[in-house]
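*Asks:*
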Amino acid sequence: MQEYTIYIKGMVCQRCVSAVREALEQPGYGVTHLELGAAAFLAPAPPDMDRIAEKLEALGFSLLEDKQLQLVKSIRALVETVYSGDFDFPPQFRFSQWAAEKLQRPYDTISEAFSAAEGITLEKYIIGYRVEKIKELLVYTPATVADIAFRLGFSSEAHLSRQFKAQTGLNPSHFIKIRKARTP
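Just add 7 to wherever you are in the sequence shown, counting from 1, and you've got this note's numbering.
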């Protein structure tokens with residue numbers, strides 16, 4: 008038997024706790040801990056989360072994703088916010104410090120959670136995200152390499168070009184040629 012924890016939205020009173028207990032015990036799960044918003048239970052095999060979600064929804068509750076997945080989603084949202092091309096980078100900006108402040112957790116915890124869930128380091132994910140954004144901006148906007156470097160928080164146009172070439176094997180000018188070929 009393995010213990011599983013689920014997070015439940017909509018539990019507001021002790022009657023809710025009783026209803027959730029009954030919903031989990033009916034299919035044979037042994038409830039080990041139950042409180043407003045969370046339940047821990049024992050199951051011999053991975054539980055049928057779709058069935059549990061259906062039972063909870065029938066009672067007016069909804070199943071939340073586990074905290075680790077919520078953290079990873081938050082990290083991805085922060086990366087998108089910062090490297091969308093519209094972020095106003097403060098002087099001496101460091102993503103690690105900013106993310107730790109926004110998520111109110113040490114950066115190593117954030118980075119470890121992301122790596123464990125995604126199978127890639129957060130740094131490599133950010134580099135990949137930025138490179139894809141550079142491609143998009145080079146092909147679909149009239150932005151210059153210098154403008155893109157500024158918009159995506161690179162220290163210089165040369166820094167952007169080096170990182171871009173290291174990731175793609177191509178120079179940014181290749182994508183500018185694609186843009187020029189696209190426009191009549």
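All residues carry an ideal CB built from backbone N, CA and C; glycine is no exception.
#1: How is residue 9 classed by DSSP in three states: helix, strand or coil?
#2: Could you pull the DSSP bridge partners for residue 49 from this structure?
#3: Using a Cβ distance threshold of 8 Å, determine whether the segment 75-82 contacts the segment 48-64, with at least three qualifying pairs required.
#4: Taking C-alpha atoms, which residue in 98, 71 and 104 lies nearest to residue 85?
#5: I need the straight-line Cα distance from residue 131 to residue 25, nearest angstrom please.
#6: With respect to the beta strand (DSSP E) encompassing residue 71, which residues constitute its N-terminal and C-terminal limits?
#7: Entirely within the segment 64-129 and at least 3 residues each: give me those beta strand (DSSP E) ranges in chain order.
#8: Beta-carbon within less than 7 Å of residue 67's beta-carbon, same chain only, minus the 5 sequence neighbours each way: which residues are those?
#9: Looking at C-alpha atoms only, which residue of 117, 10 and 154 is the closest neighbour of residue 54?
#10: With a 10 Å radius around its C-beta and 16 neighbouring C-beta atoms as the bar for buried, classify residue 185 as buried or exposed.
#11: Using 10 angstroms around the beta-carbon of residue 147, count the other beta-carbons present and answer buried if the total reaches 16, otherwise exposed.
#12: When you compare only the Cα positions, how much space is there between residue 137 and residue 43?
*Replies:* Reading off the structure:
#1: Note: residue 9 maps to strand in three-state DSSP.
#2: Looking at the DSSP output, residue 49 bridges to 10 and 37.
#3: No, they do not touch.
#4: The option with the nearest alpha carbon to residue 85 is 104.
#5: Going from the Cα of residue 131 to the Cα of residue 25 covers about 46 Å.
#6: In the DSSP assignment, residue 71 falls within the beta strand (DSSP E) that extends over 69-71.
#7: Taking only runs of at least 3 residues, the beta strand (DSSP E) segments lying wholly in the segment 64-129 are 69-71.
#8: Its chain contains 17 as the residues whose beta carbon lies nearer than 7 Å to that of residue 67, once the 5 sequence neighbours on both sides are disregarded; these appear in chain order.
#9: Out of 117, 10 and 154, 10 has the C-alpha closest to the C-alpha of residue 54.
#10: It counts as exposed.
#11: By the 16-neighbour rule on beta-carbons within 10 angstroms, residue 147 is exposed.
#12: Approximately 40 Å, taken between the alpha carbons.
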